[in-house]
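In our numbering, the protein residues as written are 961 to 998.
Just so you know, even glycine gets a beta-carbon here, dropped at the ideal spot from N, CA and C.
The model shown is predicted, which means the values in this text are computed figures rather than measured ones.
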Amino acid sequence: MIVVQLSVTIITGYFFLKVLRAPKRPEPDSFSENDDEI
Numbered sequence: 961m962i963v964v965q966l967s968v969t970i971i972t973g974y975f976f977l978k979v980l981r982a983p984k985r986p987e988p989d990s991f992s993e994n995d996d997e998i
């Protein structure tokens, strides 16, 4: 049972660190689409 808990914790930590270390992608400005509208 401890092996299952450790493996789940390690896998979760791996994906958590993977997301944190991922390079941030530039997100398009959502307000730029509304500039032409008055």
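In this structure, does DSSP put residue i in helix, strand or coil?
i                 : result
lysine 984        : coil
phenylalanine 991 : coil
Among the options, which residue has its Cα nearest to the Cα of residue i?
i            : options                   : result
arginine 981 : Gln965, Val968 and Gly973 : Gly973
Which value, in whole angstroms, describes the spacing of the CA atoms of residue i and residue j?
i              : j                 : result
serine 967     : proline 983       : 26 Å
methionine 961 : valine 979        : 27 Å
isoleucine 971 : glutamate 987     : 28 Å
serine 963     : phenylalanine 991 : Serine is not the amino acid found at residue 963; the sequence shown has valine there. Distance between the alpha carbons of valine 963 and phenylalanine 991 is about 49 Å.
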